[in-house]
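So the number in our numbering is just where the residue sits in the sequence shown, counting from 1, plus 113. Worksheet: the structure to be examined is printed underneath.
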Amino acid sequence: MIEIPSDLHKDLVPLAFLLGNWAGAGVHDFPGAEKCNFGQEVTFTHDGRDFLEYTSRTWVLDGDGNKVRPLESEHGYWRIDADRKIEVTMVRDDGVVEIWYGEMAEKKPQIDLVTDAVARTAASGPYTGGKRLYGYVKSDLMWVGEKQTPEVELRPYMSAHLKKVVTPEEVERWAKALPDDMPDDGIAFFK
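This is the structure we're talking about:
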C-alpha cells in the first residue's frame with residue numbers, strides 16, 4: 114500500500130512509494146571482491162522539506178542466512194523536479210561521495226540513475242562511476258547497481274529484493290482507519 118503523508122513536500126509525491134523501512138536480501142559479485150549473498154535494510158524518510166533522506170546498510174550473510182559482517186553502508190538525499198528528473202547526493206562508508214542524476218519512468222514507479230560526479234578519499238578503493246535501477250514491483254522494492262573502475266568496465270555488482278517493514282504502530286493506525294461497516298466475514302468486502 115502506498116501512503117502519501119499529509120506533510121510530504123508536494124514535489125516528492127512521485128517518490129512516495131519509496132517511503133518507509135525496507136528489508137531483504139541480494140547478491141554481491143564484482144571482480145576482485147568476495148562474491149556473497151547479503152542482507153539489507155533501507156530507510157527513506159522525510160521531514161517536510163523538498164528531499165527524501167536515504168540510509169542503506171548491508172551485511173554479508175553466511176549459508177544459513179546469518180549476519181557475518183558489515184558489507185557497505187550509504188547515506189544520501191533524493192530530490193525530484195516537475196519534469197521527473199531526480200538528483201541524489203550520497204556518501205558511502207568506504208570514502209566515496211557521489212552525485213547521481215536520472216529520471217523516473219512515465220506512469221510507473223521506476224527510477225534510473227547514473228553517477229555524474231565521484232569523489233574519493235585516499236582510503237577508498239578504485240571506482241569511477243555507476244548506474245542504478247530501482248523499481249516498485251508488486252509492493253516490493255527491487256534494485257540493481259552497476260559500477261566501473263579503471264580496470265573493470267561498467268557491470269552489475271549488487272542487486273536486492275526488499276520487502277516493506279511494517280511496524281506495530283502502522284498496523285494500529287491502519288486498523289483505526291478501517292470503515293465501521295466492514296463485513297464480519299471479510300469476503301463480502303471484496304465482492
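For each residue, glycine too, the CB sits at the ideal point set by N, CA and C. Predicted model, so just to flag it, every value in this text is computed and none were measured.
Taking the runs of the alpha helix (DSSP H) that are 4 residues or longer, which of them lie wholly in the region 129–153?
none
Can you tell which of Ala138, Leu246, Pro127, Phe157 has its C-alpha closest to the C-alpha of Arg268?
-> As a working note, residue 268 is residue 155 in the sequence shown. Per the Cα distances, Leu246.
Q. Going by the CB atoms, is the gap between Ala273 and Gly361 shorter than 8 Å?
A. Here the chain covers residues 114 to 304 and nothing more, so residue 361 does not appear.
Segments assigned beta strand (DSSP E), at least 3 residues, entirely inside the region 197–230: 198–205, 209–217
Notebook entry, point to check: For Arg197, which residues of its own chain have a beta-carbon under 6 Å away from its beta-carbon, when the five flanking residues on both sides are left out?
Noted result: Translated into the one-based positions of the sequence shown, residue 197 becomes position 84. Cβ within range, chain order: Glu216, Met217.
Next on the checklist: Rounded to whole angstroms, what is the Cα-Cα separation between Asn134 and Glu282?
Outcome noted: Numbered from its first residue, the sequence shown carries residue 134 at position 21. Numbered from its first residue, the sequence shown carries residue 282 at position 169. Taking the straight line joining both Cα atoms gives about 13 Å.
Where does Leu184 sit, in a helix, a strand or coil, going by DSSP? Locating residue 184 in the sequence shown gives position 71, where the first residue counts as 1. Three-state DSSP puts Leu184 in a strand.
Take the Cβ of Gly152 as the centre, count every other Cβ of all protein chains shown within 10 Å, and call the residue buried at 16 or more, exposed below.
Start at 1 with the first residue of the sequence shown, and residue 152 comes out as number 39. Gly152 comes out buried.
N- and C-terminal bounds of the beta strand (DSSP E) containing Arg170 | What you label residue 170 is simply residue 57 of the sequence shown in a count that begins at 1. That run of the beta strand (DSSP E) goes 165–174.
Relative to the C-alpha of Val250, which candidate in Leu275, Leu174, Val227, Ala230 has its C-alpha closest?
Translated into positions along the sequence shown, residue 250 becomes position 137. Ranking Leu275, Leu174, Val227, Ala230 by Cα distance to Val250 puts Leu275 first.
The beta strand (DSSP E) that contains Arg268, what's its start and end?
By one-based count along the sequence shown, residue 268 stands at place 155. Per DSSP, Arg268 belongs to the beta strand (DSSP E) from 268–278.
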